[in-house]
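Sequences listed follow chains A and B, in order.
Numbers in our numbering are just positions in the first sequence, counted from 1, shifted up by 2.
Numbers in our numbering are just positions in the second sequence, counted from 1, shifted up by 2.
Number of protein chains: 2
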Amino acid sequence: MTGGPLEDPDASEGPLSELRAQIDDVDTELLDLLQRRLDLVSQVGEVKGRHGLPIYAPAREQTMIAAKRTLAEQHGISPDFIEDILRRCMRESYTQEKNMGFTRQAPDLGPVVVVGGAGRMGALFARMLVLSGYDVHVVERDTDPDDAETLVSEAGLVVISVPIKDTVGVVRALPPLREDALLVDLTSTKTEVMAAMLAAHPGPVLGLHPMFGPDVDSLAKQVVAAVPGRDPQASRWLVEQIRLWGARVHEVSARDHDAAMSLIQAQRHFSTFAYGLHLAHEDHDLTELLALSSPIYRLELIMVGRLFAQDAELYYDIITASPDSLVLLQRYHERFDEALTLLRSGDRAGFVTRFAQIGDWFGPYAERFLTESRGLLAHADTTR
Amino acid sequence: MTGGPLEDPDASEGPLSELRAQIDDVDTELLDLLQRRLDLVSQVGEVKGRHGLPIYAPAREQTMIAAKRTLAEQHGISPDFIEDILRRCMRESYTQEKNMGFTRQAPDLGPVVVVGGAGRMGALFARMLVLSGYDVHVVERDTDPDDAETLVSEAGLVVISVPIKDTVGVVRALPPLREDALLVDLTSTKTEVMAAMLAAHPGPVLGLHPMFGPDVDSLAKQVVAAVPGRDPQASRWLVEQIRLWGARVHEVSARDHDAAMSLIQAQRHFSTFAYGLHLAHEDHDLTELLALSSPIYRLELIMVGRLFAQDAELYYDIITASPDSLVLLQRYHERFDEALTLLRSGDRAGFVTRFAQIGDWFGPYAERFLTESRGLLAHADTTR
Chain A
3 MTGGPLEDPD
13 ASEGPLSELR
23 AQIDDVDTEL
33 LDLLQRRLDL
43 VSQVGEVKGR
53 HGLPIYAPAR
63 EQTMIAAKRT
73 LAEQHGISPD
83 FIEDILRRCM
93 RESYTQEKNM
103 GFTRQAPDLG
113 PVVVVGGAGR
123 MGALFARMLV
133 LSGYDVHVVE
143 RDTDPDDAET
153 LVSEAGLVVI
163 SVPIKDTVGV
173 VRALPPLRED
183 ALLVDLTSTK
193 TEVMAAMLAA
203 HPGPVLGLHP
213 MFGPDVDSLA
223 KQVVAAVPGR
233 DPQASRWLVE
243 QIRLWGARVH
253 EVSARDHDAA
263 MSLIQAQRHF
273 STFAYGLHLA
283 HEDHDLTELL
293 ALSSPIYRLE
303 LIMVGRLFAQ
313 DAELYYDIIT
323 ASPDSLVLLQ
333 RYHERFDEAL
343 TLLRSGDRAG
353 FVTRFAQIGD
363 WFGPYAERFL
373 TESRGLLAHA
383 DTTR
Chain B
3 MTGGPLEDPD
13 ASEGPLSELR
23 AQIDDVDTEL
33 LDLLQRRLDL
43 VSQVGEVKGR
53 HGLPIYAPAR
63 EQTMIAAKRT
73 LAEQHGISPD
83 FIEDILRRCM
93 RESYTQEKNM
103 GFTRQAPDLG
113 PVVVVGGAGR
123 MGALFARMLV
133 LSGYDVHVVE
143 RDTDPDDAET
153 LVSEAGLVVI
163 SVPIKDTVGV
173 VRALPPLRED
183 ALLVDLTSTK
193 TEVMAAMLAA
203 HPGPVLGLHP
213 MFGPDVDSLA
223 KQVVAAVPGR
233 DPQASRWLVE
243 QIRLWGARVH
253 EVSARDHDAA
263 MSLIQAQRHF
273 STFAYGLHLA
283 HEDHDLTELL
293 ALSSPIYRLE
303 LIMVGRLFAQ
313 DAELYYDIIT
323 ASPDSLVLLQ
333 RYHERFDEAL
343 TLLRSGDRAG
353 FVTRFAQIGD
363 WFGPYAERFL
373 TESRGLLAHA
383 DTTR
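Next up, the structure:
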């Protein structure tokens with residue numbers, strides 16, 4: 003340890019600027035190298051596209067990362083550091099590959115119609131289908147009814163992508179489809195709409211629920227829930243097509259889907275809404291809250307505030323879509339009471355016991371989530 | 003668009019393995035380059051340490067990033083991509099620099115005593131002070147009382163780092179300090195303990211609240227709240243010392259601090275506890291919830307589950323530390339009721355109006371948080 007607070011900081015300028023010039027040179031080389039890597043991966047993507055292989059291959063990715071972690075350790079570099087850098091490179095590649103062509107999985111399908119294809123999620127699916135070589139038509143409210151009827155009745159695939167509350171009505175109003183046409187919806191609750199689709203069309207039916215917003219960078223690693231309707235063989239090509247786009251397709255029954263969504267979506271969004279309502283009423287200076295927030299607390303605030311930059315109607319629909327959700331929220335309310343009573347009665351032991359029980363319920367995931375959140379926090383940045 | 007689902011995927015193996023070998027070579031070069039960058043930055047750190055310059059310089063960081071973004075654009079690469087890579091490099095450097103020496107800001111201070119220095123936060127501060135060249139002693143419950151008294155009464159700085167509920171008692175039980183000694187605490191509520199410190203010691207007093215856990219990778223970008231007590235001139239060196247470690251020091255009054263902490267900490271942790279309590283009671287299969295969760299929903303679950311891998315007693319203390327917090331939680335409860343009533347009555351318009359009002363309260367931050375969360379989500383990884 004040398005020096006004290008009175009030492010002249012200017013004396014450091016010479017050696018510092020020399021080192022910084024060297025860092026600049028390294029960064030320029032880094033840029034070149036990253037560009038070369040992106041180019042190579044994009045060539046891999048082209049080969050995969052030509053041979054009908056999915057762009058996202060989790061197993062190969064794991065093997066590759068493991069090898070590079072070992073290499074990093076041999077070099078005395080943190081394996082986590084190298085893994086983060088490589089994963090960021092891979093994400094960049096997925097983003098690029100979103101816009102490339104995909105192998106068409108159903109060469110003889112005939113035209114595709116997306117009902118509500120001007121909406122954001124409908125437009126995303128329409129675009130992915132176009133990139134996969136299908137002949138895609140969009141039907142909207144302002145489409146001439148006769149044209150709409152002709153398009154729908156001739157299509158090999160009809161995708162319904164309209165607001166939740168309109169879905170059943172739109173399905174019921176469909177003209178008769180081709181007998182072999184596949185009828186699909188993208189709604190975020192499934193029980194009701196599956197029944198409506200099965201009643202409206204005697205042919206193949208599949209329920210889909212893309213578990214992401216229409217503005218994702220890439221479909222890689224995103225989840226699409228798939229609810230079997232009728233004739234699963236006839237929709238297998240579409241599931242494969244979606245996997246080619248990079249998404250993970252998880253099959254689930256309509257009832258299980260809706261129960262899970264009450265917890266994953268309705269409960270979460272309600273909770274965030276109530277939290278935001280409370281924060282806004284308390285009206286504490288937000289900039290001061292942020293100035294006092296370390297990355298973890300900033301992240302908590304981000305997760306609340308981000309909701310309110312989005313579409314209120316959509317969230318109302320998601321929260322209220324299933325009557326079961328409101329019953330679930332009522333139970334949530336009771337547990338909220340229970341937690342508050344525990345604290346107001348000063349029952350430290352009771353709190354600690356419940357805390358441990360909840361920890362047991364999360365099992366090994368609690369620790370894993372703590373680790374994951376630390377990794378993420380490292381990316382939470384207070385300066386941009 | 004070529005080929006169909008029946009094309010032979012094996013035909014792709016030749017060109018694919020060739021490309022993958024090239025990617026491997028690039029990755030090895032990348033590793034070398036990243037290592038060179040870390041070495042150079044570590045040399046910068048040494049120069050800075052020798053000249054008493056802080057390791058974290060946000061303004062310089064911003065300028066450097068801006069320059070590299072421009073360079074990326076000129077190369078036709080995404081500036082966000084390059085920024086993320088560089089920020090990850092910088093974080094790695096901060097982590098390394100945490101363990102290097104820092105210039106001692108108070109050369110004539112005399113010994114430092116950390117009361118509770120075997121606790122995790124106390125140990126972190128003790129270590130940082132040792133790395134900064136101070137003569138640090140730890141006093142714990144099992145320290146011989148006479149030794150403890152001698153150490154404390156001779157110290158130039160006494161840091162109190164004991165559980166919240168014990169802090170006031172420990173402060174009151176302190177032996178008389180040197181008249182010029184600086185008395186500091188690290189407790190997460192400030193009103194009571196500041197009063198106790200000011201009463202116990204007629205000399206310089208400063209309240210600190212590190213807004214992070216003791217297991218952070220680096221202090222860079224972390225926040226330390228600083229509550230002025232008595233004779234701020236006498237504690238300026240410590241504030242500068244903490245800045246040298248990389249943290250942001252935010253000055254705030256004891257009352258404002260505690261009001262903000264009710265919202266930032268008590269409210270958030272209570273909310274997470276109630277959410278976890280509810281989830282555990284609902285007892286839906288957690289692995290299925292995760293299988294159906296896209297990155298954003300996984301992140302929401304992570305933020306809940308991570309709490310329960312931590313210390314229940316600590317969170318009980320944080321939530322109940324200030325009587326104001328329980329009153330705040332009561333108001334939160336009322337807003338929770340209000341939100342639920344709105345939804346149960348099917349008041350779509352009312353929900354949309356409130357939603358907009360909350361959005362107004364968040365102001366430009368809502369949009370900014372949405373953007374930030376997208377960047378972060380990119381790092382949320384479903385495979386590790």
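Even for Gly, the Cβ is constructed at its ideal location relative to N, Cα and C.
All values derive from a computational prediction rather than experimental measurement.
Q: Report the residue from B:Phe353, B:His203, B:Val329 and B:Ala175 whose alpha carbon sits nearest the alpha carbon of Asp233 of chain B.
A: On the second sequence, position 231 is the one that residue 233 of chain B refers to. The residue with the shortest Cα to Cα distance from Asp233 of chain B is B:His203.
Q | Proximity below 8 angstroms, CB of Thr387 of chain A to CB of Val207 of chain A | A | Nothing about residue 387 of chain A can be read from this structure; chain A reaches only from 3 to 386.
Q.
Only counting the same chain, and skipping five residues up and downstream in sequence, which positions put a Cβ closer than 6 angstroms to that of Leu246 of chain B?
A. In the second sequence, residue 246 of chain B corresponds to position 244, counting from 1. For Leu246 of chain B, where only same-chain residues beyond five positions count, the Cβ hits under 6 angstroms are Pro56 and Phe104.
(Q) Starting from Asp187 of chain B, trace the alpha helix (DSSP H) in both directions and tell me its first and last residue. (A) Residue 187 of chain B sits at position 185 when you count from the first residue of the second sequence. No alpha helix (DSSP H) holds Asp187 of chain B; the beta strand (DSSP E) holding it covers Leu184 to Asp187.
Q. Who are the neighbours of Gln45 of chain B on chain A, taking C-beta pairs under 7 angstroms?
A. Counted from its first residue, the second sequence places residue 45 of chain B at position 43. The contacting residues are Leu21.
Q. Residues of chain A with a CB under 8 angstroms from the CB of Ala59 of chain B: which are they?
A. Here residue 59 of chain B corresponds to residue number 57 of the second sequence, with the count starting at 1. Within 8 angstroms Cβ-Cβ: nothing; Ala59 of chain B doesn't reach chain A, min ~11 angstroms.
Q) What's the call for Val329 of chain B, buried or exposed, on a 16-neighbour Cβ count within 10 Å? A) For this step, residue 329 of chain B is matched to residue 327 along the second sequence. Val329 of chain B should be labelled exposed.
Q.
Let me make sure I understand the geometry here. Which of B:Asp313, B:Asp258 and B:Asp362 has the alpha-carbon closest to that of Ser327 of chain B?
A. Start at 1 with the first residue of the second sequence, and residue 327 of chain B comes out as number 325. Residue B:Asp258 is the option with its Cα nearest to Ser327 of chain B.
Q. Going by DSSP, which residues form a beta bridge with His139 of chain B?
A. What you label residue 139 of chain B is simply residue 137 of the second sequence in a count that begins at 1. Looking at the DSSP assignment, His139 of chain B forms a beta bridge with B:Val115.
Q: Counting only the same chain and skipping the five closest in sequence on each side, list residues whose C-beta sits under 6 angstroms from that of Val132 of chain B.
A: As a first step, residue 132 of chain B is located in the second sequence; it is residue number 130 there, counting from the start. Contacts found: Val138.
Q: Within the same chain, show all residues whose beta-carbon is closer than 8 angstroms to that of Asp219 of chain A, passing over the 5 residues directly before and after it, in chain order.
A: Translated into positions along the first sequence, residue 219 of chain A becomes position 217. Correct list, in chain order: Arg93, Tyr96, Thr97 and Lys100.
Q.
So that I know if they touch, is there some Cβ in chain B lying closer than 8 angstroms to that of Arg314 of chain A?
A. Walking along the first sequence from the start, residue 314 of chain A turns up at place 312. The sequence given here places Ala at residue 314 of chain A; Arg does not occur at that position. So, interface residue.
Q: Compare the Cα-Cα distances from Gly135 of chain A to each of A:Val161, A:Ser190, A:Pro147 and A:Gly51 and report the closest residue.
A: Within the first sequence, residue 135 of chain A is the residue found at index 133, counting from 1. Nearest option by C-alpha distance: A:Gly51.
**Q.** Cutoff 8 angstroms: Leu18 of chain B Cβ touching any chain A Cβ
**A.** Here residue 18 of chain B refers to the residue found at position 16 of the second sequence. With 8 angstroms as the cut-off, Leu18 of chain B counts as an interface residue toward chain A.
**Q.** 8 angstroms contact criterion, which Ala128 of chain A and Val140 of chain A should meet: CB distance rounded
**A.** Here residue 128 of chain A refers to the residue found at position 126 of the first sequence. Here residue 140 of chain A refers to the residue found at position 138 of the first sequence. At roughly 6 angstroms, the Cβ-Cβ gap stays under 8 angstroms, so Ala128 of chain A and Val140 of chain A are in contact.
Q: Take Arg376 of chain A as the anchor and find which of A:Arg337, A:Phe338, A:Thr274 and A:Tyr299 has the nearest alpha-carbon.
A: Taking the first residue of the first sequence as position 1, residue 376 of chain A is located at position 374. It is A:Tyr299 whose Cα lies nearest to the Cα of Arg376 of chain A.
Q.
Given this structure, state the Cα-to-Cα distance separating Glu374 of chain A from Gly171 of chain A, to the nearest angstrom.
A. Counted from its first residue, the first sequence places residue 374 of chain A at position 372. Counted from its first residue, the first sequence places residue 171 of chain A at position 169. Whole-angstrom Cα-Cα distance: 43 angstroms.
Q) What residues in the region 323-351 of chain A bring their beta carbon closer than 8 angstroms to a beta carbon of chain B? A) Leu328, Leu330, Leu331, Gln332, Arg333, Tyr334, His335, Arg337, Phe338, Asp339, Glu340, Ala341, Leu342, Leu345, Arg346, Gly348 and Arg350
Q | Distance, Phe310 of chain B Cα to Ala358 of chain A Cα | A | In the first sequence, counting from the first residue as 1, residue 358 of chain A sits at position 356. In the second sequence, counting from the first residue as 1, residue 310 of chain B sits at position 308. Taking the straight line from one Cα to the other gives about 7 angstroms.
Q) Under 8 angstroms, do Leu345 of chain B and Thr322 of chain A count as touching if we go by C-beta distance? A) Numbered from 1 along the second sequence, position 343 holds the residue referred to as residue 345 of chain B. Numbered from 1 along the first sequence, position 320 holds the residue referred to as residue 322 of chain A. Yes, these two residues count as a Cβ contact at 8 angstroms.
Q) Thinking C-alpha only, which one of A:Gln332, A:Leu294 and A:Val354 is nearest Glu315 of chain B? A) Locating residue 315 of chain B in the second sequence gives position 313, counting from the first residue. Nearest option by C-alpha distance: A:Val354.
Q) Under 8 angstroms between C-beta atoms, does Met213 of chain B make it to chain A? A) The sequence position of residue 213 of chain B within the second sequence is 211, counting from 1. Chain A contact via Cβ: present.
Q. Excluding five sequence neighbours on each side, which residues of the same chain lie with their C-beta closer than 7 angstroms to the C-beta of Glu340 of chain B?
A. Numbered from its first residue, the second sequence carries residue 340 of chain B at position 338. There are no such residues.
(Q) Can you confirm whether the region 66-80 of chain B touches the region 31-48 of chain A when touching is taken to mean that 3 or more C-beta pairs between the two stretches lie within less than 8 angstroms? (A) yes
**Q.** Gly51 of chain A CB to nearest heavy atom of the ligand SAM below 7 angstroms
**A.** For the ligand SAM, the structure offers nothing, since it holds no ligand at all.
**Q.** Chain-ordered neighbours of Arg356 of chain A on chain B, where CB pairs are closer than 7 angstroms
**A.** As a working note, residue 356 of chain A is residue 354 in the first sequence. Result: Leu279.
Q. Can you tell me where the alpha helix (DSSP H) with His53 of chain B in it begins and where it stops?
A. Counting from 1 along the second sequence, the entry for residue 53 of chain B is found at position 51. Per DSSP, His53 of chain B belongs to no alpha helix (DSSP H) and is neither H nor E.
Q) Taking the Cβ atom as the reference point for each residue, do Ala368 of chain A and Gly307 of chain B lie within a distance shorter than 8 angstroms? A) Here residue 368 of chain A is taken as the residue at index 366 of the first sequence, counted from 1. Here residue 307 of chain B is taken as the residue at index 305 of the second sequence, counted from 1. For Ala368 of chain A and Gly307 of chain B, yes; Cβs fall inside 8 angstroms.
Q) Does Phe127 of chain B come within less than 8 angstroms of chain A when only Cβ atoms are used? A) For the purposes of this step, residue 127 of chain B is taken as residue 125 along the second sequence, with counting starting at 1. Cβ-Cβ to chain A under 8 angstroms: no for Phe127 of chain B.
Q: Decide yes or no for the touch test of the region 174-181 of chain A against the region 209-223 of chain A: beta carbon pairs closer than 8 angstroms, at least 3 of them.
A: no
Q | Option nearest Thr191 of chain B by Cα separation, candidates B:Ala59, B:Leu184, B:Val164 and B:Glu156 | A | What you label residue 191 of chain B is simply residue 189 of the second sequence in a count that begins at 1. Considering only alpha carbons, the answer is B:Val164.
Q) Shorter than 8 angstroms from the beta carbon of Thr30 of chain B to some beta carbon of chain A? A) Stepping through the second sequence from its first residue, residue 30 of chain B is reached at position 28. Answer yes: the Cβ-Cβ gap between Thr30 of chain B and chain A drops below 8 angstroms somewhere.
Q.
List, from N- to C-terminal side, the beta strand (DSSP E) runs of 3 residues or more that fit wholly inside the region 232-305 of chain B.
A. 250-253
(Q) When you compare the CB positions of Ala125 of chain B and Glu142 of chain B, do they come within less than 8 angstroms of one another, or not? (A) Here residue 125 of chain B is taken as the residue at index 123 of the second sequence, counted from 1. Here residue 142 of chain B is taken as the residue at index 140 of the second sequence, counted from 1. Cβ atoms of Ala125 of chain B and Glu142 of chain B: not closer than 8 angstroms.
Q | For Leu159 of chain B, the three-state DSSP class (helix, strand or coil) | A | The count along the second sequence starts at 1 and reaches residue 159 of chain B at position 157. It is a strand residue.
Q. Can you tell which of A:Leu185, A:Ala276 and A:Arg333 has the C-alpha that lies nearest to the C-alpha of Val161 of chain A?
A. Mapped onto the first sequence, residue 161 of chain A falls at position 159. It is A:Leu185.
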